[in-house]
Every structure is written in C-alpha cells, then in structure tokens.
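K.L.:
Residues 200 to 481 in the numbering used here are what the sequence shown spells out, letter by letter.
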Amino acid sequence: MKKDHMTPGRRALLRGAAVFGLAATAGCAGTERSAAPGPTAPSGAAAGGPPAARAALKPSAYRLQPMAGNGPPRAARALPRVRKAPILRMDGQGRTIVLTFDDGPDPLYTPGILRTLRKYDVRATFFVCGEMAVDNQDLLREMADDGHVIGNHTWTHPLLPKMSRSAMREEIERTCEVIEDAVGEPPAWFRAPYGAWNRNAFQLGADLGMEPLAWTVDTLDWTEPGTATIIRRVRAGAAPGVVVLSHDAGGNRSQSVEALRTYLPELIDSGYRLTVPSRHGM
Numbered sequence: 200m201k202k203d204h205m206t207p208g209r210r211a212l213l214r215g216a217a218v219f220g221l222a223a224t225a226g227c228a229g230t231e232r233s234a235a236p237g238p239t240a241p242s243g244a245a246a247g248g249p250p251a252a253r254a255a256l257k258p259s260a261y262r263l264q265p266m267a268g269n270g271p272p273r274a275a276r277a278l279p280r281v282r283k284a285p286i287l288r289m290d291g292q293g294r295t296i297v298l299t300f301d302d303g304p305d306p307l308y309t310p311g312i313l314r315t316l317r318k319y320d321v322r323a324t325f326f327v328c329g330e331m332a333v334d335n336q337d338l339l340r341e342m343a344d345d346g347h348v349i350g351n352h353t354w355t356h357p358l359l360p361k362m363s364r365s366a367m368r369e370e371i372e373r374t375c376e377v378i379e380d381a382v383g384e385p386p387a388w389f390r391a392p393y394g395a396w397n398r399n400a401f402q403l404g405a406d407l408g409m410e411p412l413a414w415t416v417d418t419l420d421w422t423e424p425g426t427a428t429i430i431r432r433v434r435a436g437a438a439p440g441v442v443v444l445s446h447d448a449g450g451n452r453s454q455s456v457e458a459l460r461t462y463l464p465e466l467i468d469s470g471y472r473l474t475v476p477s478r479h480g481m
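#1: Among R434, S365, V382, T315, which residue has its Cα nearest to the Cα of D344?
#2: Do F389 and P411 come within 7 angstroms of each other at the CB atom, strictly closer than that value?
#3: How should G170 be labelled, buried or exposed, when 16 other C-beta atoms within 10 angstroms of its C-beta is the threshold for buried?
#4: I'd like to confirm the pairing. Which residues does DSSP put opposite D301 in its beta bridges?
#5: Would you kindly work out how many angstroms separate the C-alpha atoms of T374 and W354, rounded to a whole number?
#6: Could you tell me which whole beta strand (DSSP E) segments of length 3 or greater appear in the segment 344-430?
#7: Identify whether V321 lies in helix, strand or coil by the three-state DSSP scheme.
#8: From the DSSP output, read off the bridge partner residues of L473.
#9: Residues in its own chain within less than 7 angstroms of Y393 by CB, not counting five upstream and five downstream?
#10: Does DSSP put V456 in a helix, a strand or coil?
#11: Within 10 Å of its beta-carbon, does T422 have 16 or more other beta-carbons around it, so buried, or fewer, so exposed?
#12: What does DSSP give as the partner residue(s) for R288 in the beta ladder?
#13: Does the segment 424-431 touch the segment 279-286, meaning 3 or more C-beta pairs lie closer than 8 angstroms?
#14: Check A332 in the structure and name its three-state DSSP category.
#15: Below 8 angstroms on the Cβ atoms is my guess for G311 versus V456; work out the distance and round it to an integer in Å.
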C-alpha cells in the first residue's frame, strides 16, 4: 500500500508505535545512568550525592559532591557526628595555637591580615559571611592559595536560635555555595554568629559536612578597645591548643590588623606553632 493511500487507522497505529519506541529508548538511557557504578559509603549506599527524592530541589540547593566537567566524581566526605556543644580548643596537637578571623572578607582589612600571615608563613582560619564573600571572591581565592582554612559564618550574621530551621538552613547553605564556587571545596568548619548555638545549628552544620568551632580566647577586638589591649589579651590567653577569636570585618578593624603585626611574631618567638584546626581523630 502506498503511503498516500494509508488509512487513518494505519497512520494512528504507526504513530503510537513510534512514540512507544522513543519512550522505551529514553527509559533505557535513564536506567543506564542511574545504574552506573560509583563510590559507596561505608554502609554500602551510594556516596556520590543525595537520594533521588531530592532531585526536585531548586538548582541552587547546596551539594556536597558537585560534578565538574567530565572528571570523575569527588569521593564523599564522611559526615561528622552531631555535637551538643562546639569545639573550644584543639587538644593533642602540642604547643599550637589556632588563629581565627570572623565576618569577612573585607577589602579594607583582610588584605592586611593576609600580608602579615604570609610574611611569617602562618596559616589561619577565616569564618566568612556569605554576603561579604559573594562580592570578594578574589579574597577567598587568595586565602585558599595561601593555605588558610575558610569556614562558614552564615550569610548575614543572624542570631540563629531566633530563626526557623528552614531560614537557618538557607543562611548556612548559601554561604557553603559561595565558598565552594570560589575555591572548589566546601567548608569543613562552621561557627555560629555570636557563639549562639542550638540543636538545629549543630544538626544542619553536621548535615552539610561541617564541625562546629568556637573559641578559647576572645580578643573582643570588635569593641575597638585599642591595639595594645588586643595584644595584651592574646598574650594572656596564649596556651597550647587555644583558639583565638579576632575579626577582619564588621566595623573598623584597623586595630586588629595592627595588633596581629605585634603578637604574631611574639607567639612564634615564644615557641608556639600557629596552625589550622584539624578533624583528625575528632
């Protein structure tokens, strides 16, 4: 029979078969992708990403193992346990001190801190706020290039216990995204603004692969007490394993920048090793 003389029923039958064939082909391709082997977690579950039920999340939702180009998927990070209190000091590391700087990066003050750290070949930890980081990603990359640790300090520095769980998650998750987009790695440490933690903060931080780090020595530099006072507080609090809190943003931080130039070489001369926090054995 010629095509021009094909009956309507015959045409409908052929169209249905074609549609069925395309659907079957698409289904096979999808099955092959989902069945492709990948790294597994210790439990045996797939470790390459969240379960399929989360595929409907908005495109900007934070992912622990994003795919980049045609390279292999990154191995899954082991999620930390959910703690009931933040880590205050780094025990078992000898005569070490951890320097941390909050609220940046700020183009006025962060570069001065980075220059001093670079001069003495010292690594520190910067807990950044997303609203600052998103406009200063060059400073995030400079931090990473110098070997510093970049931690999550939320997006807008809110008081977390006053927030709903969903709003808190957005604050933390968005900052994770900016950090990973800028330096290629997700943050491994989280610090609650004002040191105000609650159960949701600990749970969400752990869910996103981060340990909660607080501090042992508070310089109170945000009050602008004077360069000499900041130096005196660091000297008085210096001890093995302590975590020192300072700021590189959130106000006039010129005193913090100047104080670091004095107390950093003093700590080194006193035999302290300035280092970054370690999750080994935690």
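We treat Cβ as the ideally placed atom computed from N, Cα and C, and that holds for glycine. Everything numeric in this text was worked out from a predicted model, so none of it was measured.
P.N.:
Result, derived from the coordinates:
#1: Within the sequence shown, numbered from 1, the residue matching residue 344 stands at position 145. The candidate whose alpha carbon is nearest that of D344 is V382.
#2: Residue numbering aside, residue 411 sits at position 212 when the sequence shown is read from its first letter. Residue numbering aside, residue 389 sits at position 190 when the sequence shown is read from its first letter. Against a cut-off of 7 angstroms, the Cβ pair of F389 and P411 comes out as a contact.
#3: What is shown of the chain runs 200 to 481, which leaves residue 170 out entirely.
#4: What you label residue 301 is simply residue 102 of the sequence shown in a count that begins at 1. Bridge pairing for D301: F326, H446 [DSSP].
#5: Taking the first residue of the sequence shown as position 1, residue 374 is located at position 175. Taking the first residue of the sequence shown as position 1, residue 354 is located at position 155. When rounded, the distance between both Cα atoms is 6 angstroms.
#6: Runs of the beta strand (DSSP E) spanning 3 or more residues and lying entirely within the segment 344-430 occur at 348-351, in chain order.
#7: Counted from its first residue, the sequence shown places residue 321 at position 122. Looking at V321 - three-state DSSP - the assignment turns out to be coil, as it is neither helix nor strand.
#8: Here the question's residue 473 lines up with position 274 in the sequence shown. When DSSP reads this structure, L473 sits in a beta bridge with I296.
#9: As a working note, residue 393 is residue 194 in the sequence shown. The answer, listed in chain order, is L358.
#10: Here residue 456 is taken as the residue at index 257 of the sequence shown, counted from 1. V456 falls in the helix class under three-state DSSP.
#11: As a working mapping, residue 422 is identified with position 223 in the sequence shown. Around the beta carbon of T422, a 10 Å sphere encloses fewer than 16 other beta carbons of the protein chains shown; the residue is thus reported as exposed.
#12: Sequence index remark: in the sequence shown, residue 288 carries index 89 (1-based). In the DSSP secondary-structure assignment, R288 is bridged to V441.
#13: No, they do not touch.
#14: Here residue 332 corresponds to residue number 133 of the sequence shown, with the count starting at 1. In the three-state reduction of the DSSP assignment, A332 falls in the helix class, which pools H, G and I.
#15: On the sequence shown, position 112 is the one that residue 311 refers to. On the sequence shown, position 257 is the one that residue 456 refers to. Indeed they touch by this definition, with Cβ atoms about 4 angstroms apart.
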